[in-house]
Amino acid sequence: NLNLHKLYYYYTWEDRSKLHKLCSYFLKSINLVADLIGINPNITFIQLPPTPVLYIVALYCKVSGSKYVADCHNAMLYSSKGFKWPLTKRLLRKADAILVHNEDVQNHVRQNNFSILFVFLYRAFYPIPANRETICIGK
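The numbers in the sequence shown follow the numbering used here, run straight up by one, and end at 140.
Next up, the structure:
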């Protein structure tokens with residue numbers, strides 16, 4: 002038993018306006034903090050964006066001593082609402098691993114010198130070691 006918990010927060014009203022979206026992020030943040038404290042995970046996987054999740058989980062992991070893995074999608078790196086938030090690069094560098102899903106995001110992550118990178122391409126798993134050479138496993 003891996004004891005996995007999938008947390009996904011969505012409110013049917015959140016897409017009505019920007020104010021509704023802002024309110025939903027506030028409520029989601031409260032729910033996330035409560036769930037992290039209640040579950041007390043050893044490792045937390047987060048899907049980015051939205052960036053506020055990164056702040057919450059990074060702080061939780063610093064206090065609790067647990068680890069976090071950032072699953073970065075294109076919007077995280079290319080939108081003004083993602084990668085450009087204060088401390089985002091620093092918090093991503095502190096992640097225990099970064100997951101990306103295409104070569105564009107892989108190149109962006111490499112350019113920013115993040116330490117651990119796992120790339121999911123073509124249904125294969127490519128770990129990128131510290132020397133940044135691509136190794137293909139299970140292609």
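Yeah, the Cβ is synthetic: ideal placement off N, Cα and C, and Gly gets one too. Computed from a prediction, not measured in an experiment: that's the story for all the values here.
Asked                                                                                                                                                        : Found
Contact between the stretch 62-70 and the stretch 29-36 is defined here as three or more beta-carbon pairs at a separation below 8 Å; is this criterion met? : no
Would you kindly work out how many angstroms separate the C-alpha atoms of K95 and Y9, rounded to a whole number?                                            : 23 Å
Run through DSSP, which three-state label would T13 get?                                                                                                     : coil
Once the 5 residues before and after H6 are set aside, which same chain residues still bring their CB inside 8 Å of it?                                      : D36, I40 and P42
With respect to the beta strand (DSSP E) encompassing T89, which residues constitute its N-terminal and C-terminal limits?                                   : Looking at the DSSP string, T89 is not in any beta strand (DSSP E); the run it does join, the alpha helix (DSSP H), is T89 to K95.
Taking L92 and Y56 to be in contact with their CB atoms under 8 Å, please state how far apart those CB atoms are, rounded to whole angstroms.                : 7 Å
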